[in-house]
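Novice: Numbering (the numbering used here), first residue to last: 341 to 410.
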């Protein structure tokens with residue numbers, strides 16, 4: 341189905357909002373990264389990574405990524 345791109349952007353933000361809600365409800369310390377274009381694979385043109393604090397590693401690690409593609 342053809343779509344304008346607005347629906348894709350809206351859905352990406354809806355998924356991100358749900359992910360943030362889940363990680364907050366779990367009590368995880370997390371951050372959301374809006375990835376630069378050079379980090380994107382084809383055909384994505386926008387991507388968010390969610391990273392959670394991993395005490396055993398002493399650093400953040402990716403727990404979920406989401407990309408928007410045409």
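Glycine included, C-beta positions come from ideal geometry on N, C-alpha and C. Since we're looking at a predicted model, the values are computed, not measured.
What's the gap between the Cα of residue 352 and the Cα of residue 396?
Specialist: Counting from one through the chain shown, the residue named residue 352 turns up at place 12. Counting from one through the chain shown, the residue named residue 396 turns up at place 56. Using only the alpha carbons, I get a separation of about 30 Å.
Novice: With DSSP as the reference, label residue 392 as helix, strand or coil.
Specialist: As a first step, residue 392 is located in the chain shown; it is residue number 52 there, counting from the start. The answer is strand: DSSP assigns residue 392 an E or B state.
Novice: Use the C-beta contact count for residue 387: other C-beta atoms within 10 angstroms, 16 or more gives buried, fewer gives exposed.
Specialist: As a working note, residue 387 is residue 47 in the chain shown. Flag for residue 387 reads buried.
Novice: In the DSSP assignment, find the unbroken beta strand (DSSP E) run with residue 373 in it and report its ends.
Specialist: Numbered from 1 along the chain shown, position 33 holds the residue referred to as residue 373. Unbroken beta strand (DSSP E) run through residue 373: 370-374.
Novice: Strictly by DSSP, which residues pair up with residue 404?
Specialist: Reading the chain shown from its first residue, position 64 is the one you call residue 404. In DSSP, residue 404 forms a bridge with 390.
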